[in-house]
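*Asks:* Using the numbering used here, count along the sequence shown one by one with no gaps and you end on 205.
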Amino acid sequence: MSYFVTDYDPTIEDSYTKQCVIDDRAARLDILDTAGQEEFGAMREQYMRTGEGFLLVFSVTDRGSFEEIYKFQRQILRVKDRDEFPMILIGNKADLDHQRQVTQEEGQQLARQLKVTYMEASAKIRMNVDQAFHELVRVI
66 MSYFVTDYDP TIEDSYTKQC VIDDRAARLD ILDTAGQEEF GAMREQYMRT GEGFLLVFSV
126 TDRGSFEEIY KFQRQILRVK DRDEFPMILI GNKADLDHQR QVTQEEGQQL ARQLKVTYME
186 ASAKIRMNVD QAFHELVRVI
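(1) Let me check one thing: in DSSP terms, what residues is Tyr183 bridge-paired to?
(2) Note down, in chain order, each residue of its chain lying with its Cβ closer than 6 Å to the Cβ of Gln196, except the 5 sequence neighbours on either side.
(3) May I have the straight-line CA-CA distance separating Gly129 from His199, to the nearest angstrom?
(4) Can you tell me whether Glu185 is buried or exposed, with buried defined as 16 or more other CB within 10 angstroms of its CB?
(5) Please report the distance separating the alpha-carbon of Ser187 from that of Arg147.
(6) What does a CB cutoff of less than 7 Å around Ala159 pick up in its chain, not counting 5 residues either side in sequence?
(7) Which two residues bound the contiguous alpha helix (DSSP H) that contains Gln138?
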């Protein structure tokens, strides 16, 4: 069962495991949500070493989170010692259009620059959440 946490604390690291079937194949997703906090840098790098793909998530209502994405993508590529790696850029909170600070065009432009797919999502209204994970598994 999936649910939306209304009292989300972005300073807390959280991990989840989800079993799902994508394109008739079983998949296990190990998900680490660090909210981009620096205090989780060491743990994040450990997950980067073992991760097979990454969702680069920013809030469309927070330009600062958007501006951090490039740094995280570079960090993943550095840790992986690769020029490319399976990643998808996600603009979250797409349901809050009246608070939007990052346009869909800006998200698409960054995705082209990073050579990744771009999707907008909303955890609150469950828009494109499962689809984002499924698309990442397909890219892997």
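Note that the Cβ used here is the ideal one computed from N, Cα and C, for glycine as well. These figures come from a predicted structure and were not determined experimentally.
*Replies:* Looking at the coordinates:
(1) Leu154
(2) none
(3) 27 Å
(4) buried
(5) Near 30 Å, if we compare the C-alpha coordinates of Arg147 and Ser187.
(6) Val125, Glu185, Ala186, Ser187, Met192
(7) 128 to 145
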